[in-house]
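Here is the structure we will look at, set down as structure tokens.
Number of protein chains: 4
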Amino acid sequence: MNSILLKNGRVVTADSDAVCDILIEGETIVSIGRNLSAEGAQVIDCTGKLIMPGGIDPHVHLEMPFMGTFSSDTYETGTRAALHGGTTTVIDFILQKQGNSLRSAFEEWSGRATGNAVGDYSFHMAVTDFNPGTKEEIKDMVAEGITSFKTFMAYKGALMIDDAQMVGLMQEVKKHGGLVTAHATNGDMIDTLIAQHRAQGKLTPLYHYLSQPEVTEAEASGRFADIANYTGVQAYIVHLTCEGALNQVRRATERNQRVLVETCIQYLVLDASLYEDEANGAKYVMSPPLREKKDQATLWAGINQGLVNVVGTDHCPFMWEQKLMGKDDFSKIPNGHPAIEHRLELLFSEGVNTGRITPQKFVAVTSTNAAKIFGLFPRKGTISIGADADLLILDPEKKHTISADTHHMNVDYSAYEGWELTGKIETVLLRGKVAVDAGETKIAKGYGQFIKRGKTAF
Amino acid sequence: MNSILLKNGRVVTADSDAVCDILIEGETIVSIGRNLSAEGAQVIDCTGKLIMPGGIDPHVHLEMPFMGTFSSDTYETGTRAALHGGTTTVIDFILQKQGNSLRSAFEEWSGRATGNAVGDYSFHMAVTDFNPGTKEEIKDMVAEGITSFKTFMAYKGALMIDDAQMVGLMQEVKKHGGLVTAHATNGDMIDTLIAQHRAQGKLTPLYHYLSQPEVTEAEASGRFADIANYTGVQAYIVHLTCEGALNQVRRATERNQRVLVETCIQYLVLDASLYEDEANGAKYVMSPPLREKKDQATLWAGINQGLVNVVGTDHCPFMWEQKLMGKDDFSKIPNGHPAIEHRLELLFSEGVNTGRITPQKFVAVTSTNAAKIFGLFPRKGTISIGADADLLILDPEKKHTISADTHHMNVDYSAYEGWELTGKIETVLLRGKVAVDAGETKIAKGYGQFIKRGKTAF
Amino acid sequence: MNSILLKNGRVVTADSDAVCDILIEGETIVSIGRNLSAEGAQVIDCTGKLIMPGGIDPHVHLEMPFMGTFSSDTYETGTRAALHGGTTTVIDFILQKQGNSLRSAFEEWSGRATGNAVGDYSFHMAVTDFNPGTKEEIKDMVAEGITSFKTFMAYKGALMIDDAQMVGLMQEVKKHGGLVTAHATNGDMIDTLIAQHRAQGKLTPLYHYLSQPEVTEAEASGRFADIANYTGVQAYIVHLTCEGALNQVRRATERNQRVLVETCIQYLVLDASLYEDEANGAKYVMSPPLREKKDQATLWAGINQGLVNVVGTDHCPFMWEQKLMGKDDFSKIPNGHPAIEHRLELLFSEGVNTGRITPQKFVAVTSTNAAKIFGLFPRKGTISIGADADLLILDPEKKHTISADTHHMNVDYSAYEGWELTGKIETVLLRGKVAVDAGETKIAKGYGQFIKRGKTAF
Amino acid sequence: MNSILLKNGRVVTADSDAVCDILIEGETIVSIGRNLSAEGAQVIDCTGKLIMPGGIDPHVHLEMPFMGTFSSDTYETGTRAALHGGTTTVIDFILQKQGNSLRSAFEEWSGRATGNAVGDYSFHMAVTDFNPGTKEEIKDMVAEGITSFKTFMAYKGALMIDDAQMVGLMQEVKKHGGLVTAHATNGDMIDTLIAQHRAQGKLTPLYHYLSQPEVTEAEASGRFADIANYTGVQAYIVHLTCEGALNQVRRATERNQRVLVETCIQYLVLDASLYEDEANGAKYVMSPPLREKKDQATLWAGINQGLVNVVGTDHCPFMWEQKLMGKDDFSKIPNGHPAIEHRLELLFSEGVNTGRITPQKFVAVTSTNAAKIFGLFPRKGTISIGADADLLILDPEKKHTISADTHHMNVDYSAYEGWELTGKIETVLLRGKVAVDAGETKIAKGYGQFIKRGKTAF
Ligand SMILES: [Zn+2]
Ligand SMILES: [Zn+2]
Ligand SMILES: [Zn+2]
Ligand SMILES: [Zn+2]
Ligand SMILES: [Zn+2]
Ligand SMILES: [Zn+2]
Ligand SMILES: [Zn+2]
Ligand SMILES: [Zn+2]
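Protein chains in written order, with the UniProt record's numbering: chain A, 1 to 458; chain B, 1 to 458; chain C, 1 to 458; chain D, 1 to 458.
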């Protein structure tokens, strides 16, 4: 059995901070201590480096079918890029096709992922058609290790379920101990605003933004929390972006409800002024859209208040040519933005280095909380004995610049082109193997495994 | 150097859960792993047991001067009892005497504690008279490792500062990176209600409760948060008991403020119906008083919402004879309740065993969060390399019964007499020494050290 | 021209209270004063009586088409019964048929009403299908004097519009200075709960109540307010029943929005315990259902807070035989409850006589506010010169008992059978004619006119 | 008996709007109607004019003792200026001297007012020292027709009572059916901020503003509401200026509490940018200070929401020379601003003419609501039979310019110098006498009477 010994790193987890060694045997961590030695082990000197749990990105869309094509990162390219950025596990979304079963969607998604992933992965199940048949399948999916069920409150006719389905789904998921998550925006309102803008010839990317005003997210977030509270199910809002939406979560606390919240890295560091650049605005067309400075402030505060629990990416990349499908009409721009590779370094540079959050909080929102919420804990999300040796080694002083020329995602532009960050992830281990080192991938496609998940323990 | 090897325990921290061994050398943890061995080490078999960080109780009053006498636990008896209950560090309150300096109070308190404590301890400084002189002393106290400053919004003429002093104190503490905490009740309102009840001959313990209605705490909590928000200082509310008060904290989140919250174990498990027993009500005379069932529900929810960060005790014991000073007048009953020894076992039995909170959350609210908030982290509050080997070993199945006959606090009654709990703390280590084992104290008075604290990193 | 002189009444309006005379010539009030005389005038001695503006009930359903039949009061019987209870003007709801035009519905409703009403009436237009065609008709309806547009957030497939239509409708109505009102309950959630109860064989009237829990109304009220705030239209919630819903309105005030609120008399004086009577529960099957005591407290408080502006009835009577359509299945019980005749006397007896509201507030919520909100002011809703002489004369001391045997509504049971009230409306004038006196109707069908309405001035 | 006949005016009250005549005999209105005639009556042609109830200003300080001098308007000059501006009744504040009785203060104030007032007046009693003696006097004051009790939460050592006194006072006032009002700002916080600014040499008027940040008012408003809610007394906040404070009132509605709110005209039309003018800033030194544009928006919205009930002035004029006492130190500038004469014309021009509020709302907030709240209704605050003939006649088109050269207040500058308003009050009647006409005072000092007040009926 191969063994690796990390020496003299500053080991940072959500609740510890210590300079020490870590010994890995096979896929797992077997010792943490001072002056560890292990015959035959590969030794990696981590002096001056931070060792942290590998990131968990619970919100990615790889090879997602879209208008006859796919989001541009495959399970291979996407999980590889994730590893380059320190993210060792991703959770992708299976999208049930309305009219079909959950099982068939699971099989379709598994078919694309199996044997192709470099990093570990799991699935959420997006229930887009809740009916007596799919109701029966909920427990089956839980048995398959898919314990979180995604709902879309937007995209009517394709992905959206209405509140009639929502209440039924929540009741069923609660019965089986699962979690319900939501893309919480009022799709109906948005559809009207899009149609109005198009009818008025307002077709630039700016109108993507103006078609999804804060209220569309705040309203749906409140509604989702209301229905969840009625059913008693544990609720989780994906990609929450704004003050209005977080305030709904805050107010829900007054009735003793806990609504879990994920934001995404872009909402913390980018803002809606980018839509004013007509030429490049398409790069930032995602849903919900980027928001205002005041919303960034809300999200950073939310992290420290313990109310924003997870920072993901909603990684959903499209090539510039794909983006150009909407060059004359914002509503035809494929929604999504590539970030799977940069989440951790962006958050470290903008969050930890600026003093906005502690290193412990950094680990909590990039890894540990997601592990606990999505039933991966304590196998993942922490550095402890018997846990998967999913680790990143970060040089906190090293400056580097983001560019499409150097990133590993399969997309031909970067949303952060030219950004200089402080703090570089240099080496990444996945289940005991060096997966990435000094910019090179050390493991092959197929190394990544499907991880069955258990229930929320947060 | 002595060494201890804990074998095969289930090591639970705020972010891990693993069966493994822990090796201690001298005062600190040096290795965590599987199949550890250490020549000459004392081996403790922990099979089937939980090993968790020693508890930190940030709210105790030992040997507190009171009406010519003292609270009945000395630094010796109090910290020893704490150790029996798994609490390895306590933070006591120095009470500045109005008119005198902070320094003189520090010296007085240090005088009582030094050489007498069995367990480790630190101090908060209660600033009861903020003036140009004490303003100058804030930075000195920070230099002494006293980084948290307590305020009383009640007890006019003895401990209370008014809002004029509050705003000045907060500004000064912020300047030096400290934390301001508050006993947040509207003392003026309470004084009137007490006087009215006494004038009406309403003298039983029930009127202690009725003199401190929920609004007195909710109002002051909101006011404290308001002033803190204005100054930008990090605020912490001690012994928060009720829905009205927590709702103030929840609403403060809407302006992006974070107010840290401590509740105490008794508010989670006892309620105000106890005041109806005229003979025994004095045992529960504390301030704030016990509340209603709905408030218990709020506090448990608050823990899981991440808004109630710490569970302390406000341990302030008095002998029954001392309590009897108020047998004819509730306002003369010394306020306080003995709990330093039972906090962890009560919370484990009522919280973890009932499924209300996870074991990780248990550790967070009994130890880790307090360590981070009060500048003891990562030396204390966690199980990691180089950290103080402050550990408790708990048998999660073992049933036991609380009684004044068997407890170690220097007080002749128990507020929990006859309660049967599941989960017994059997062995406790403090800085690498077995402090308590099988009901016996293994270390002597004087072992406990004063711990200098740094700044909040939460 | 006929003239009537009311002598020595206590004239109470929303902002006055004076003992004096009122002289009416033709249809209007021409003098208010002391010691008025008028040759040839019919003199009515009002000594000891209150004279108040005739009630305006802005929420009634007369001869409403329903499952091949109609609500049991025609324009004749309904407006006559209204007059007996002091209500001189009602506003009925035209229900657009999905797929058809607003105009055709207007014509259908006008066809039923024209020539048949005893009392005055107007129409709201319920837009159940907002599309490019009906969008064009909004301004036409405003021109016809129909300035308020009703929306249903429930009854999918029949009356409900989705949020896509809602936002468009609000924008169009705002453009023309109109008002948007809503039946604000989450119909989708309710549909699921009904289906579940039916599937479980839970078929008694109690399950009507349990299928529309408070959250279904609170959620929709908040959503309606949110969308209205986005569009800037003046919003009005009909038949608001509960704390959860009013709290949404209260919270909306924090963003400087005003949402107007109507409750109905039954929600102030009846509660959900009536559903436990299986035999009679059907009498109280209405939507939203009756609520709890705490909700009554909220509504009374809301009136005095100025946040509940109108007390209507949602009068929609069905004969007991019609109600029996649902004797084996609550979901088949025609929804609605007869109250058009008793609104004022119930509110006077339960509100003014108990001291809960002032007589001025009574007038405001039964008449003046509705007149201002719905564009009838100052022609109606007040006692002033030139205003329609729509007046009621009430003996504040007189006790009487409600019974189906004596009421004038065309329905064979009373929801208030046997209730003894204090305060009897003895004489009612409509546009200068004695319409009701001593229990007798003095005017004939066809006297009632369609009243064109202007814009909100509140 | 003299009689006056107002012909063809547009009579506007809070709930009516009609072109008609008003006949006055002696002091009261005896007829309202069309084509009225009265032999011997003085006829005033009101064609094209608005006739509205004389204004009631419930917040003025005339001849208020201050640092050895007095506010510059006497009862004569102040009530005369009020009349010129259409305000026929003012309510002044008696300030109890700490240590002395309420009775002695009442006598002192009565001594200054009796025989000197031109317009009608009443008194609030400011209880600055609540003790067993003054407690006994509450019922006596109610018997004297002083039913509202003012509290100061600021000005420690002079006017402020603490919360211990507040709760006792509220309980006593509630017992006697009175109303408690508050200057709701946190005086302690303000005292600290003033002292800090002075210590730092920050002495210009801008620092007056910065010493009373929004939180000082929001906090105290919430505290006042909290204590009032506990006692059940009817509460009224004077001169509320800001969003933070109104939000406290809005949130209090959620517990079914009603807190009545007065703002003052200056807070609606002026803002804090005026403090940047060092030379003239002293003119705007009042407490609370002027606020921001967002606060103006809140107040206008609050009026239409029914939550801001009254627009007063807090008229407290000082000559420029008096203001200059603070030319080198903002804290020595006498607080106050002259507005008694301009309240109605400013609100009409800025509120009614701009469409922000209806003419009915104008009457409600300038007259009717105050009459109801302060127990003057229906004698004052309305135009009805038997009511005092307190009327103003306003030309809604007429433009005029405010200037110290032409105003009638005894103060040598105007806070609105050069403002051009649309809408001029041309004639004012007080109890049936023409008091002001075409800029001339027609009644003499001594005509104004002390008006005993009853209880709130709102
Ligand atoms: Zn999404
Ligand atoms: Zn997504
Ligand atoms: Zn305390
Ligand atoms: Zn304490
Ligand atoms: Zn309805
Ligand atoms: Zn209806
Ligand atoms: Zn004031
Ligand atoms: Zn004042």
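Cβ coordinates follow ideal geometry from the N, Cα and C atoms, glycine included.
Given the structure is predicted, the values throughout are model-derived calculations rather than measurements.
Every alpha helix (DSSP H) of 4 residues or more that sits fully in the segment 86 to 123 of chain D is shown, in chain order, as 102 to 113. Our two residues, B:Pro58 and B:Cys20, have alpha carbons roughly 29 Å apart in a direct line.
Around the beta carbon of D:Pro132, fewer than 16 other beta carbons lie within 10 angstroms, which makes this residue exposed.
Leaving aside the five residues that flank B:Glu27 on each side, the residues in its chain whose CB is nearer than 7 Å to its CB run, in chain order, Asp388, Ala389, Arg431, Gly432. Pairing B:Gly375 with B:Gly423 gives a Cβ-Cβ distance that is not under 8 Å. Less than 8 Å divides the Cβ of C:Thr181 from the Cβ of C:Tyr236. Taking the Cα positions, A:Gln98 is about 20 Å away from C:Gly157. The beta carbon of D:His239 sits closer than 7 Å to at least one heavy atom of ligand 7. For B:Ile194, no beta strand (DSSP E) encloses it; the enclosing alpha helix (DSSP H) starts and ends at 187 to 199.
Straight across, the Cα-Cα distance linking A:Ile373 with A:Met325 is about 37 Å. Beta-bridge pairing by DSSP links D:Cys264 to D:Gly312. At least one CB atom of chain B sits nearer than 8 Å to the CB of D:Arg223. Here D:Thr368 carries a helix assignment [DSSP, helix/strand/coil]. Separation of the CB atoms of D:Ser287 and D:Thr185 is rounded to 7 Å, and the pair is thereby assigned contact status at 8 Å. Shown here, C:His342 sits in coil according to DSSP, grouped into three states, outside any helix or strand. A contact between stretches requires three or more CB pairs, one per stretch, nearer than 8 Å, and the segment 255 to 272 of chain D meets this requirement with the segment 299 to 315 of chain C. At a cut-off of 7 Å, the beta-carbon of A:His197 does not count as near ligand 5: no heavy atom of the ligand is closer than that.
In this structure, D:Cys264 has its CB at a distance of at least 7 Å from all heavy atoms of ligand 2.
Nearest to C:Ala82 by C-alpha distance, out of C:Lys399, C:Asp140, C:Thr151, C:Asp120, is C:Asp120. Closer than 7 Å at the C-beta level to chain A, one finds these residues of the segment 241 to 268 of chain B: Asn247, Arg250, Thr253, Glu254, Asn256, Arg258.
In this structure B:Trp109 is buried. Its beta-carbon is surrounded by 16 or more other beta-carbon atoms within 10 angstroms. Assignment of B:Arg10 by DSSP, reduced to helix, strand and coil, places it in the strand class. Contact check for C:Leu169 and C:Thr192: beta-carbon distance about 25 Å, past the 8 Å limit, so the pair fails to qualify. Taking D:Phe224 as the centre and dropping the five residues before and after it, the same chain places the C-beta of Ala182, Ala184 closer than 6 Å to its C-beta, in chain order. If you check the CB distance, B:Leu23 and B:Ser16 do not come in under 8 Å. Per DSSP, D:Val411 lies in no alpha helix (DSSP H) segment and is marked neither H nor E. Per DSSP, D:Tyr275 has no beta-bridge partner at all. Close to A:Thr192, with beta-carbon spacing below 9 Å, are these residues of chain C in chain order: Asp163, Ala164, Gln165, Met166, Val167, Gly168, Gln171. Per the C-alpha coordinates, the member of D:Gln360, D:Thr406, D:Asp405, D:Asp277 positioned closest to D:Pro53 is D:Gln360.
A:Glu136 carries a helical assignment under DSSP once its states are collapsed to helix, strand and coil.
For A:Leu299, the secondary structure class from DSSP, reduced to helix, strand or coil, is helix.
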